[in-house]
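Note sheet for the following structure.
Number of protein chains: 2
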Amino acid sequence: MSILQKSTALQKTTSSYTFARMMENNTNSVGIMETRTIRVVEQGEPLPLECGKTLGPIDVAYETCGQLNEAGDNAILICHALSGNAHVAGYNHPEDKKPGWWEGMVGPGKGIDTNQYFVVCSNFLGGCSGTTGPSSTNPETGRPYGLDFPIITIADMVRVQKLLLDKLGVKHLLAVIGGSIGGMQVLQWSIAYPEMMDAAIPIATTTHLGAQSIAFDAVGRNAILADANFANGQYHDNQVPAHGLAIARMIGHITYLSEQGMRQKFGRELQSADKYSYDLNSEFAVETYLDHQGQSFVERFDANSYLYITKASDYFDLARDYGSLKEAFANVQARFLAVSFSSDWLFTPGQSEAMVDALVANGKNVSYCNIVSTYGHDAFLLENDTLGAFLSSFLRASHRPDIVGAGPRACPGQPQGPAPTREKRRFSRFEQAHRARVDYELIGSLIEPGSRVLDVGCGDGDLLAKLASDRKIEGKGIELDQDLVVGCIGRGIAIIQRDIERGLGSYVDRSFDYVILSQTVQTIKDPERVFNELLRVGRKVIVSFPNFAHWRCRLQLLLTGRAPVTRQLPFRWHNTPNIHSLSLKDFEEFCGKLGVTIEKRIPLVKTSPSPVRFGPNLFAEQVIYVTSKSS
Amino acid sequence: MSILQKSTALQKTTSSYTFARMMENNTNSVGIMETRTIRVVEQGEPLPLECGKTLGPIDVAYETCGQLNEAGDNAILICHALSGNAHVAGYNHPEDKKPGWWEGMVGPGKGIDTNQYFVVCSNFLGGCSGTTGPSSTNPETGRPYGLDFPIITIADMVRVQKLLLDKLGVKHLLAVIGGSIGGMQVLQWSIAYPEMMDAAIPIATTTHLGAQSIAFDAVGRNAILADANFANGQYHDNQVPAHGLAIARMIGHITYLSEQGMRQKFGRELQSADKYSYDLNSEFAVETYLDHQGQSFVERFDANSYLYITKASDYFDLARDYGSLKEAFANVQARFLAVSFSSDWLFTPGQSEAMVDALVANGKNVSYCNIVSTYGHDAFLLENDTLGAFLSSFLRASHRPDIVGAGPRACPGQPQGPAPTREKRRFSRFEQAHRARVDYELIGSLIEPGSRVLDVGCGDGDLLAKLASDRKIEGKGIELDQDLVVGCIGRGIAIIQRDIERGLGSYVDRSFDYVILSQTVQTIKDPERVFNELLRVGRKVIVSFPNFAHWRCRLQLLLTGRAPVTRQLPFRWHNTPNIHSLSLKDFEEFCGKLGVTIEKRIPLVKTSPSPVRFGPNLFAEQVIYVTSKSS
């Protein structure tokens, strides 16, 4: 019986009254899990570390759930964050009060579905939950390493994870997934072992810490180092530096929550009185909460590990390691799904966007979503429904690419994001696109088979899916609406959530054969800037829009003296998403001014796929242009 | 010779080589200043504090600059923030390397002009720079108070400042000004002594700390209390709790800077090496900077004072003290200028807006500006040019209301904000308003003399100034553009910087006789929501806009097939700020739908002030409506 079979057997046979009761409340838990420890580096053959020193022996604590399939293509490595450990889901003992740290995401039918995937999670190098770290015994002294432990890096952690997988016989990873410092490990994995993995899912993470994050880490370390009990790291036989570690944890904890989240959760509530106590004791609810967080952390975490792990996090800097962020990602092969959270101010959406830009600049397959949440950085542990929908869709598309693509828009049986509000729906470009579906057929006919296509404002990916199916294109999308983005991901489309008004960032010049802007130009604040961007990244730009100079519009304005409302421009003056009115002539003059060549013009009426032959600016309801600009 | 005369004399007579050299570099400094100390509370008649205890004696350290005029109407009280003191400007000694903490703002010809105003600044109660605080001698023990010092509040600090002014013979204040915790004192002053002051200028402050700010304060206090040297506050004869105080200061310092500011200033630079040191020492520039900040703070500040002042700040909560924020401000009489900074995440623009909303809800005279800055909370000490322009304009308008109003748009000789960029100018509503100046004459004729008028999108206040001069109205304005806001303030107009799309917040129903929306409705995203808000706060709403159904527009679209460009609608389809096209008929239908009564309609052509009599929807270039809605 292999290690993996034993571990699976344990899951199946464990049964007790407590466990049964537990499972009643949590019917989709993986159940009882065992943390195992395995030696991956022997003392005699120590591991060379990035700092120049070597380390051995190295033991790794890990857990697995689900089963590795025969093809060996369903293994997922989960990397934990600062205070996590190998115990990702389920319960170590029937009496456990709390499940693993990502119970909401990992289990049968969950975002990371253990019925389908084989999940491995290990405590990282330098940790204090079973894997070798500063509290482990230094074989040279027989005492805990303390500050004699060598400085470790994220790359060292990843190397040790690779050694673990070798020992477990896992040769290929469907995905590496992790949030925060776990996300840094994901990025490092994608660079260090590009051929070993299909997908990378870095969540709420960054390619490097900014000055503010380093500052918070530094103050936390200062608090530990200044604790009178720290004793130069050799506190193991005496009192631990509890005050210092608690203060470090409190600082960290504030950065994991958002301002609005703290306001909603605590406000200015007093913990146990109506009136101020007029002393210096903790009395606001948020104070006692932090006291509790600090205290409970001291009971389960090692101060030296805190020093080493935050230092590894501060040192992580892909641009520094590889010359630039673009070069760092030059050789990655995985499909990426990057996820950030709107209120995360520790590792911000902007940092995820920079990472995504660097992948885009390399022409990599990358999807990105910034999930709206008030939970701050901690959202990656709390937004289970929304994040779960993204993960399950993306994992399915990565695992079984054949069943996605032109497939159904929604993913039945999977949790979906909340339905769009009425407000949102009213202005959705997607709905507009629906109204103009007739132009999809024609746009398809304009595109060479096998081309690289970027659809800007791609909605739920209908056009891209159609083009992938009919013309075998390599399609990518940009869309602002979170609900539409999850739909695209379910169809296996590389989709980036982005406001097109902010430009196309680091998309390389001429990186697409076609860029499509369907029924969107009239909704953009600064069409000149956006259009120039599209012409930069695409050899040809296909633009479609409703014609404001259609005879119905002209006559309505002339005869009724009202802003026109037609089937192509169905909105009233005050609730229209169309902030610009333009005709064929307007657009052609605009192209002339920008030095843009109009290669083709297809004026259309809604009822017919045939182009309008006579008086297009008068008779066309909408129009499709193929444009280009010599660089 | 009175105390004040002596202090002034000192300024004039001091002269030395060092001082002369110093003044060369800083020609507009107030020069040599002396910190004086005065007893404001005797031991025998101790001051009752908010906590229920009493305190006496109380000494106050203070400085003054400028001269109190004969009318006694030019005195300004400046309240300092956490780490400040009485030494606001100039130099205490010719050998001083650094001037007072607000040297950039206080001095001859500066934002707070000591040629015009008499400035008083005192160290607050509980401080450690001369005013009685926890490091002062407890008369009962003969030793420093330490933790026997009673808990003090912002209201206690203000009460002591009032006692100081009584002693100095200052009976009236032109203004009370302060940033951060100093701003809290300003708010408390306006409530506690409403009749004593003309103007209140709270800067980068809040009416209460949110959970996040309390949390940061609490962790800082924890660090001090946990320091092994703290000795229950009686550390004066031994080592001070330097580690704890330094850590508290470091945490605080991070919250005073902005993320983007830290990124620009430090990035990931290493302090003195090219390569990582692979140890736990401080090596990033931001780390050594924080180490320095912590260390230098320990040398000049008392740990107990830090505990007491942050606690006073945490306790400050006007809504709690007075039932609600609205009730708190019910009896203030001062004109307010509230200033926040865009990147301040400690006391956020949103918190200033809530304060302004509460003042607005009381119908008070309040101006507000959110200054764009990357300096974070510290901006109030660094944005001298921009903030100085606001302060000098507002102080002038407060001191000499007769010379402002319809006065010149700019304030000659005063620092002005940066010139608007070309981009900004192109879309400025102000420019549009200029193009439509003809409607000002007519709008004036529609307004009853002596009315309360709100001008939404008021530009630089031209219309309000004209109405104030011609019709003696009581005018208030709303404008988004920072440069235009400073212009309004210079004219003495109560102006709030706000995006009208966000609604009118807590403006009371029917709080204006007229609300004016001049040449703006066509630039608003959601006119229905905004228009309903205007109809709520105004008895009548006056709306003017360009007529899209003017015959030139109709014919241009009909005959040329292009989006119309006329002298009234001068923009091209792609660069217009007008995101809606509407005609008289469109607007009247819209009013019908919303149940709005059209009381008057004045269709106009640009060349004539006489209304168009025939075919208004065809011949009017623009139109003015007077509308109302029964509630």
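If you read the sequences in order, they're chains A and B. One point on numbering: in the numbering used here, the residue at position 481 of the first sequence is 481, and numbering is uninterrupted. Count along the second sequence from 1, add 631, and you get the number used in the numbering used here. From the three backbone atoms N, C-alpha and C, an ideal C-beta is built for every residue, glycine too. These numbers come from a predicted model, not from an experiment.
With a threshold of 8 Å between beta carbons, is B:Q843 in contact with chain A?
Looking up residue 843 of chain B in the second sequence gives position 212. With 8 Å as the cut-off, B:Q843 counts as an interface residue toward chain A.
Got a sec: which bits of the stretch 589-622 of chain A sit with their beta carbon under 8 Å from any beta carbon on chain B, in order along the chain?
For the stretch 589-622 of chain A, the residues whose beta carbon sits under 8 Å from a beta carbon of chain B are, in order, E589, F590, N617 and L618.
Give a yes or no on whether the C-beta atoms belonging to A:G126 and A:I154 are separated by under 8 Å.
Within the first sequence, residue 126 of chain A is the residue found at index 126, counting from 1. Within the first sequence, residue 154 of chain A is the residue found at index 154, counting from 1. Contact: no.
Secondary structure at A:N28, three-state DSSP: helix, strand or coil?
Your numbering for residue 28 of chain A matches position 28 in the first sequence. Three-state result, A:N28: coil.
Leaving aside the five residues before and after B:L708 along the sequence, list all residues of the same chain whose C-beta is less than 6 Å from its C-beta, in chain order.
The sequence position of residue 708 of chain B within the second sequence is 77, counting from 1. Excluding sequence neighbours, B:L708 sits near V751, L804 and V807.
Between the C-alpha atoms of B:S1149 and B:D1093, what's the straight-line distance to the nearest angstrom?
Within the second sequence, numbered from 1, the residue matching residue 1149 of chain B stands at position 518. Within the second sequence, numbered from 1, the residue matching residue 1093 of chain B stands at position 462. If I take the Cα positions, the gap works out to 12 Å.
Taking the CB atoms as reference points, tell me whether B:L1235 and B:V1254 lie closer together than 8 Å.
For this step, residue 1235 of chain B is matched to residue 604 along the second sequence. For this step, residue 1254 of chain B is matched to residue 623 along the second sequence. Against a cut-off of 8 Å, the Cβ pair of B:V1254 and B:L1235 comes out as a contact.
So, is the C-beta of B:L713 closer than 8 Å to a C-beta in chain A?
Locating residue 713 of chain B in the second sequence gives position 82, counting from the first residue. So, not an interface residue.
Flag A:K311 as yes if its beta-carbon sits less than 8 Å from any beta-carbon of chain B, otherwise no.
If you number the first sequence from 1, residue 311 of chain A lands on position 311. Yes - at least one Cβ of chain B is within 8 Å of the one on A:K311.
Tell me the start and end of each unbroken beta strand (DSSP E) in the stretch 946-981 of chain B that is at least 3 residues and wholly inside, in chain order.
966-972
In three-state DSSP terms, what is B:A1064?
Here residue 1064 of chain B refers to the residue found at position 433 of the second sequence. With a pLDDT of only 45 at B:A1064, under the threshold of 50, the placement of this residue in the model should not be trusted, and no figure is reported.
Do B:E1132 and B:K1171 have their CB atoms nearer than 8 Å?
To locate residue 1132 of chain B, count along the second sequence from 1; it is residue 501. To locate residue 1171 of chain B, count along the second sequence from 1; it is residue 540. Going by C-beta atoms, B:E1132 is not nearer than 8 Å to B:K1171.
Check whether the Cβ atoms of A:V360 and A:A338 sit closer than 8 Å, and answer yes or no.
By one-based count along the first sequence, residue 360 of chain A stands at place 360. By one-based count along the first sequence, residue 338 of chain A stands at place 338. The answer is no: Cβ separation not under 8 Å.
With 8 Å set as the bound, which would you pick, yes or no: does the beta-carbon of A:P527 sit closer than that to a beta-carbon of chain B?
On the first sequence, position 527 is the one that residue 527 of chain A refers to. Yes, A:P527 lies at the interface with chain B (some Cβ there is under 8 Å from its Cβ).
Checking the sheet assignment: what are the DSSP bridge partners for B:M828?
Taking the second sequence and counting its residues from 1, the one referred to as residue 828 of chain B is at position 197. B:M828 has B:L804 as its beta-bridge partners, per DSSP.
Quick check on A:S277: does DSSP put it in helix, strand or coil?
Numbered from 1 along the first sequence, position 277 holds the residue referred to as residue 277 of chain A. If DSSP states are grouped into helix, strand and coil, A:S277 belongs with coil.
Which partner residues does B:T668 have in the DSSP bridge list?
Within the second sequence, residue 668 of chain B is the residue found at index 37, counting from 1. According to DSSP, which records beta bridges pairwise, B:T668 is partnered with B:A692.
Does B:I1255 have its Cβ less than 8 Å from a Cβ in chain A?
Translated into the one-based positions of the second sequence, residue 1255 of chain B becomes position 624. For B:I1255, no Cβ of chain A is located within less than 8 Å of the residue's own Cβ.
Can you name the residues of chain A whose CB is closer than 8 Å to the CB of B:D1130?
Within the second sequence, numbered from 1, the residue matching residue 1130 of chain B stands at position 499. Under the 8 Å cutoff, chain A gives no residues; its nearest Cβ is about 15 Å from B:D1130.
Is the Cβ of A:G267 closer than 8 Å to any Cβ of chain B?
Counted from its first residue, the first sequence places residue 267 of chain A at position 267. Yes, because at least one Cβ of chain B sits closer than 8 Å to the Cβ of A:G267.
Counting along the chain, where does the alpha helix (DSSP H) carrying A:A75 start and finish?
For the purposes of this step, residue 75 of chain A is taken as the residue at position 75 of the first sequence. Segment A75 to C79 is the beta strand (DSSP E) holding A:A75; no alpha helix (DSSP H) there.
So what's B:D744 in DSSP terms, helix, strand or just coil?
On the second sequence, position 113 is the one that residue 744 of chain B refers to. Reduced to three states, the DSSP call for B:D744 is strand.
Contact belief for B:K972 with B:E1014 at Cβ below 8 Å, rounded distance in angstroms:
The count along the second sequence starts at 1 and reaches residue 972 of chain B at position 341. The count along the second sequence starts at 1 and reaches residue 1014 of chain B at position 383. Lys is not the amino acid found at residue 972 of chain B; the sequence shown has Phe there. Indeed they touch by this definition, with Cβ atoms about 7 Å apart.
Identified DSSP bridge partners for A:R601:
For the purposes of this step, residue 601 of chain A is taken as the residue at position 601 of the first sequence. Paired residues: A:Y625.
Are the C-beta of A:V286 and some C-beta of chain B separated by less than 8 Å?
Locating residue 286 of chain A in the first sequence gives position 286, where the first residue counts as 1. Answer yes: the Cβ-Cβ gap between A:V286 and chain B drops below 8 Å somewhere.
Using the rule of at least 16 other Cβ atoms within 10 Å of the residue's Cβ for burial, across every protein chain shown, is B:T768 buried or exposed?
Counting from one through the second sequence, the residue named residue 768 of chain B turns up at place 137. Exposed, by the Cβ-count rule.
Using only the alpha-carbon positions, how far apart do B:S1142 and B:V1168 sit?
The sequence position of residue 1142 of chain B within the second sequence is 511, counting from 1. The sequence position of residue 1168 of chain B within the second sequence is 537, counting from 1. Rounded to whole angstroms, B:S1142 to B:V1168 spans 5 Å at the Cα level.
If contact is defined by three or more beta carbon pairs under 8 Å, each pair taking one atom from either stretch, is the stretch 223-240 of chain A in contact with the stretch 204-214 of chain A?
no
How would you call A:S29, buried or exposed, if buried means at least 16 neighbouring beta carbons within 10 angstroms?
Looking up residue 29 of chain A in the first sequence gives position 29. Flag for A:S29 reads buried.
From this set, A:D513, A:R601, A:Y440 and A:S367, which residue's C-alpha is nearest A:Q497's C-alpha?
Translated into the one-based positions of the first sequence, residue 497 of chain A becomes position 497. Ranking A:D513, A:R601, A:Y440 and A:S367 by Cα distance to A:Q497 puts A:S367 first.
Is the stretch 811-828 of chain B touching the stretch 688-698 of chain B in the sense that three or more CB pairs, one from each, lie closer than 8 Å?
no
Do A:G31 and A:G90 come within 8 Å of each other at the CB atom, strictly closer than that value?
Counting from 1 along the first sequence, the entry for residue 90 of chain A is found at position 90. Counting from 1 along the first sequence, the entry for residue 31 of chain A is found at position 31. Closer than 8 Å, so yes.
Beta carbon of B:A959, beta carbon of B:A950: below 8 Å?
On the second sequence, residue 959 of chain B is found 328 positions in, with the first residue counted as 1. On the second sequence, residue 950 of chain B is found 319 positions in, with the first residue counted as 1. Against a cut-off of 8 Å, the Cβ pair of B:A950 and B:A959 comes out as a contact.
A:G178 to B:P739, Cα distance in whole Å?
Here residue 178 of chain A refers to the residue found at position 178 when the first sequence is read from its first residue. Here residue 739 of chain B refers to the residue found at position 108 when the second sequence is read from its first residue. Approximately 58 Å between the Cα atoms of the pair.
Which listed residue (B:E1252, B:T762 and B:R1027) has its alpha carbon closest to that of B:N705:
Within the second sequence, numbered from 1, the residue matching residue 705 of chain B stands at position 74. Ranking B:E1252, B:T762 and B:R1027 by Cα distance to B:N705 puts B:R1027 first.
For B:G761, the nearest candidate out of B:D905, B:L938, B:E701 and B:I689 (CA to CA)
Walking along the second sequence from the start, residue 761 of chain B turns up at place 130. It is B:I689.
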